[in-house]
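In the numbering used here, the protein residues as written are 244 to 448. Structure, as structure tokens:
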Ligand code: MLT
């Protein structure tokens, strides 16, 4: 038995290709642990998939941390929830015998993945951040040498100003991560282009 209980509702699909790192799938606001499974299977065929459901509710909508308004985060809650998620990853890795996963997060899930990179970098082998923004108003310093990150932003995204996504790229690069950013001619929603770019990037890892 694990000393710490896994108290995230989650799905785990074992991988069939041991050469692929597992993916940690992190859904957006109002999503759940099933949302990104098809996307995960398509971008990393044969990879194990670990997909928790966010434990915060905004009305009836699951999220990974509280916000005060759209794009304005409750940073104390974000920090606590980031550690909780990192602890879950540790327990799940022992239970399912997994190497460190690559996060694949969308929107709110991408934002907590960015926070994981900054606060608990050992939790992740890398990250694909779909429509991510800077999780903290004042950028944190971190040690991310050797981490690879793909950020896919929407040029027409009404939720995330281009300057905010650019700030996240800078923060991660200054911490030593190798960051690729794609700016797609789309809004906040995901497109076929996200899928093919994420798939290519994961194949190159
Ligand atoms: C967030 O709250 O994480 C971002 O505003 C994205 C969203 O979930 O709408």
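Glycine included, C-beta positions come from ideal geometry on N, C-alpha and C.
Taking the alpha carbon of residue 274 as the point to measure from, which residue in 375, 300, 418 has its own alpha carbon closest? Here residue 274 refers to the residue found at position 31 of the chain shown. Closest by alpha carbon: 300.
To the nearest whole angstrom, what separates the beta carbons of residue 308 and residue 320, a pair I think is in contact under 8 Å? As a working note, residue 308 is residue 65 in the chain shown. As a working note, residue 320 is residue 77 in the chain shown. That belief holds up - the Cβ atoms of residue 308 and residue 320 are roughly 5 Å apart, short of 8 Å.
Are any of the Cβ atoms in chain C nearer than 8 Å to that of residue 423? Chain labels in this structure do not include chain C; a single protein chain is all it has.
Does at least one heavy atom of the ligand MLT sit under 7 Å from the Cβ of residue 314? Numbered from its first residue, the chain shown carries residue 314 at position 71. At least one heavy atom of the ligand MLT is nearer than 7 Å to the Cβ of residue 314, so yes.
Quick check on DSSP: helix, strand or coil for residue 421? Counted from its first residue, the chain shown places residue 421 at position 178. DSSP places residue 421 in strand when its eight states are reduced to three.
State yes or no: is the C-beta of residue 441 within less than 8 Å of the C-beta of residue 371? Numbered from its first residue, the chain shown carries residue 441 at position 198. Numbered from its first residue, the chain shown carries residue 371 at position 128. Yes. Within cutoff.
Residue 304 - containing beta strand (DSSP E), residue span: Position 61 of the chain shown holds residue 304. Segment 304-306, the beta strand (DSSP E) holding residue 304.
Measuring only from the beta carbon, is residue 291 closer than 7 Å to any heavy atom that is part of the ligand MLT? The residue labelled residue 291 in the question sits at position 48 within the chain shown. The answer is no for residue 291.
Using a Cβ-based criterion (distance less than 7 Å to any ligand heavy atom), does residue 354 qualify as near the ligand MLT? Taking the first residue of the chain shown as 1, we reach residue 354 at position 111. Yes; taking the cut-off as 7 Å, the Cβ of residue 354 has a heavy atom of the ligand MLT nearer than that.
Identify whether residue 379 lies in helix, strand or coil by the three-state DSSP scheme. Along the chain shown, one-based indexing puts residue 379 at 136. In the structure shown, residue 379 sits in coil (DSSP, three-state: anything other than H, G, I, E or B).
Close beta carbons around residue 208, own chain, < 8 Å, minus the five adjacent residues each side: With the chain covering only 244 through 448, there is no way to say anything about residue 208.
Mapping DSSP to helix, strand and coil, what is residue 283? The residue labelled residue 283 in the question sits at position 40 within the chain shown. Three-state DSSP puts residue 283 in a helix.
With H, G and I counted as helix, E and B as strand and the rest as coil, what does DSSP make of residue 313? Against the chain shown, residue 313 aligns to sequence position 70. The answer is coil: DSSP assigns residue 313 none of H, G, I, E or B.
What do you reckon, is the C-beta of residue 519 under 7 Å from a heavy atom of the ligand MLT? Because the chain here runs from 244 to 448, residue 519 falls outside it and cannot be looked at.
Sorry if obvious, but does the Cβ on residue 262 come closer than 7 Å to a heavy atom of the ligand MLT? Residue 262 sits at position 19 when you count from the first residue of the chain shown. Flag unset: Cβ of residue 262 not near the ligand MLT.
Can you round the beta-carbon distance between residue 267 and residue 293 to whole angstroms, since I take them to be within the 8 Å contact cut? The residue labelled residue 267 in the question sits at position 24 within the chain shown. The residue labelled residue 293 in the question sits at position 50 within the chain shown. Right, their Cβ atoms sit about 5 Å apart.
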